[in-house]
Every structure is written in C-alpha cells, then in structure tokens.
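Visitor: Got a structure for you, questions after.
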Amino acid sequence: MSPPPLPPRTVICVGDVHGYISKLKSLWANLQSALPAETFAAALVVFLGDYCDRGPNTREVLDFLIALPAHHPGQRHVFLCGNHDLAFAAFVGALPPPPDGSPFSATWAEYIQNEENEGWYRGPGHEGMHAQGRRWGGIIKEKRNLKRGSLYLGSIYDAQPTFESYGVAHGSPDLMKAVPEEHKKFLHDLVWIHEEENVPIDTNEGQLICKLIAVHAGLGRSIDLNEQFRVLRTKDTRVSKVAMLSGRQDVWNIPKDLAGKQTIVVSGHHGKLHIEGLRFVIDEGGGYADKPIAAIVFPSKELIRSTEGTTSQN
Numbered sequence: 000m001s002p003p004p005l006p007p008r009t010v011i012c013v014g015d016v017h018g019y020i021s022k023l024k025s026l027w028a029n030l031q032s033a034l035p036a037e038t039f040a041a042a043l044v045v046f047l048g049d050y051c052d053r054g055p056n057t058r059e060v061l062d063f064l065i066a067l068p069a070h071h072p073g074q075r076h077v078f079l080c081g082n083h084d085l086a087f088a089a090f091v092g093a094l095p096p097p098p099d100g101s102p103f104s105a106t107w108a109e110y111i112q113n114e115e116n117e118g119w120y121r122g123p124g125h126e127g128m129h130a131q132g133r134r135w136g137g138i139i140k141e142k143r144n145l146k147r148g149s150l151y152l153g154s155i156y157d158a159q160p161t162f163e164s165y166g167v168a169h170g171s172p173d174l175m176k177a178v179p180e181e182h183k184k185f186l187h188d189l190v191w192i193h194e195e196e197n198v199p200i201d202t203n204e205g206q207l208i209c210k211l212i213a214v215h216a217g218l219g220r221s222i223d224l225n226e227q228f229r230v231l232r233t234k235d236t237r238v239s240k241v242a243m244l245s246g247r248q249d250v251w252n253i254p255k256d257l258a259g260k261q262t263i264v265v266s267g268h269h270g271k272l273h274i275e276g277l278r279f280v281i282d283e284g285g286g287y288a289d290k291p292i293a294a295i296v297f298p299s300k301e302l303i304r305s306t307e308g309t310t311s312q313n
C-alpha cells in the first residue's frame, strides 16, 4: 500500500510591506508565535508585492526577504511583483526585457500625455527605460495625493523614501549603482502570479480544497482571462501598465470564468482588508504609517497583524 498523502501545507499570504521593516519584523514574530512550530516551519509563505516606497526602510525590507530562505529552509517563499516593485526594477535596470526584443521606450506612447504633469525621469539612462520606471523616478508637479489624503513623496509612486534608504537623493541616477546586485536579482526574479493547487480553506460548509491564485491587484473582468494568464506567467514587459498589478475596480471581483470553480484569488494593493467568499484582498497597511501589515493563514482564514512599528498601536 502506498503511504497516505501528506496533508496540504499551511499557506500564509502577507500584505504589502511598503518599506516598513519594523512592521514586517513584528508581523513575522506574531506569525511565528500564533502558529504551531512545525506548521510555521513548513508553511508556504506568499508575499503579495509592494516591498518598496512610502515607508523609510526599503533596503532593509529587501535584505530581510532575501535572507528568509536561509533562515527558514523548510518553508517555501513566493515573492509576487507589485506595481511599485515593477517600477523600481524598471528604474534600476532589473526588469526582464520584452520577449519580442522591442525597446522599453515602446511603452511610453500609451501614457505620454501624463509625462509633463507626472514629471517623468529624463536623466541618464531614461532612453532605455520602461514607462513605469520613468514615472517612478520622476518628480510630480502635484503636491497632494487627493485619493490618499497625503503629500506625494517625490513621484507618483511615493518613491523618495526608497531612494533615501539607499543613501541617494530622489530622482538621482546614482540609485542604479547604489542598489546591490542581490537586490536587483530579487527584483528581476519576482513573479507576477502564483498558482497553487490543493489549498484547503475552512468554510461554513466544511473544508474545501481549492486552487489558489495570488496576483498583486487581481484578475480583470474586461480582459480575456487566457491573455491575462499569458501576460502574468511570461512577465510580458511589452505591456506599458499591467492591469493585474495596478488596476482598481476592474480587478476587484473574481472573473466570472473562475466563479464557482473553487478558486481562491488573493491580492494586496488596494489599501484595505476585504474578504468575500473566495476573494481575499489583504492590504491593511496600504503604505500608511499608522496601519499594521496583515497576513492571512489558510485553511483557518485567521488574520495576523503587526503590532509594532505603527505610529498608533493597534
């Protein structure tokens, strides 16, 4: 007789970190104390993207994440690409090249009408840079982000704290030299989607075994689903703005082609917690100084939060 199959491993999905190392360390410690030691030691941990910008410690956050596999060799770690990470990678030359050999400058035309107001980067190296890298390193003319109720930090992406965490001024091409090669490799290797079979989830009707899809913003309603999967799986950097990494309303719900198919869709990006059926948006922190980073644990759906590093304790 063959041995019984191993029980599906625990899956932890971690919301957007946005450069807050004290919150990340606090969340990690809280996860470690909330879960049985053997469960934590063997977990699949999916980070949902946006490691940089807004918070002051991007460099330390990347150091922490890069070191996790050595510190927790029994875990599996998945690092999704967020829209902020894609733009950071584009600026420092770590974005994978377009698969058809086209230049990154071909991504500019779609949003060129925004170049003046967003103050796109025009310094050394901009000629070969993806549009999102130019937006990220630019200097925005508007001072206030009305949607967030806060001041812009340098660029449309609030990238100034990331530059400063590497010891250079916002918008300086010196960042390309200041970012260590292992950080560039980390940014280059980020995946745009993670798909995991046989993930258990506790529901009112008992435990379901589902497919889990993790993508930073979500899957869109108005784009063909197979085309979305192609772009995400191949990391198609010909796309000037990847809706599944940066969209809002269109990526909020599970696409109708997946509805009823026991598919969990987990994202960060949206600056809030939202759980409805099998759709999970886990981004309580949102890059705000006074809000915690949250993580969700499957199958229990338990939410674990950071309890240190926020400007007002939870």
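According to numbering that gives the first Met the number 0, the sequence shown holds residues 0 to 313 in order. Cβ atoms here follow ideal geometry from the backbone N, Cα and C, with glycine treated the same way.
Given this structure, state the Cα-to-Cα distance separating residue 124 from residue 109, to the nearest angstrom.
Guide: Approximately 20 Å between the Cα atoms of the pair.
Visitor: Would you list, in sequence order, the uninterrupted alpha helix (DSSP H) runs of no fewer than 4 residues that lie entirely inside the segment 42 to 106?
Guide: Fully enclosed alpha helix (DSSP H) runs of 4 or longer: 57 to 70 and 82 to 90.
Visitor: Spatial neighbours of residue 208 within its chain, please: CB distance less than 6 Å, with the 5 preceding and 5 following residues excluded, ordered by chain position.
Guide: Same-chain partners within the cutoff: 197 and 199.
Visitor: Assuming residue 30 is part of the alpha helix (DSSP H), what are its boundary residues?
Guide: Counting along the chain, the alpha helix (DSSP H) containing residue 30 begins and ends at 20 to 33.
Visitor: Touching or not, the segment 260 to 280 and the segment 42 to 50, by the rule of three or more beta carbon pairs under 8 Å?
Guide: The segment 260 to 280 vs the segment 42 to 50: in contact.
Visitor: By a C-beta neighbour count over all protein chains shown, 10 Å radius and 16 as the cutoff for buried, is residue 366 buried or exposed?
Guide: Lying outside 0 to 313, the shown extent of the chain, residue 366 is not represented and no answer is given.
Visitor: Sort out for me which residues DSSP pairs residue 144 with in a bridge.
Guide: Bridge partners of residue 144: 149.
Visitor: Bridge partners of residue 266, per DSSP?
Guide: Residue 266 pairs with 280.
Visitor: So, helix, strand or coil for residue 257, using DSSP?
Guide: DSSP places residue 257 in coil when its eight states are reduced to three.
Visitor: At what residues does the alpha helix (DSSP H) containing residue 197 begin and finish?
Guide: Where residue 197 is concerned, there is no enclosing alpha helix (DSSP H), although the beta strand (DSSP E) it sits in stretches over 193 to 202.
Visitor: Near residue 75, what residues of its chain come up, given a Cβ to Cβ distance below 6 Å and the 5 sequence neighbours on each side ignored?
Guide: Closer than 6 Å at the Cβ level, and outside the excluded window around residue 75, lie 43.
Visitor: Looking only at its chain, what residues have a beta carbon closer than 8 Å to the beta carbon of residue 40, apart from the 5 residues adjacent to it on each side?
Guide: Contacts found: 71, 73 and 74.
Visitor: Which value, in whole angstroms, describes the spacing of the CA atoms of residue 261 and residue 202?
Guide: Between residue 261 and residue 202, the C-alpha separation is close to 12 Å.
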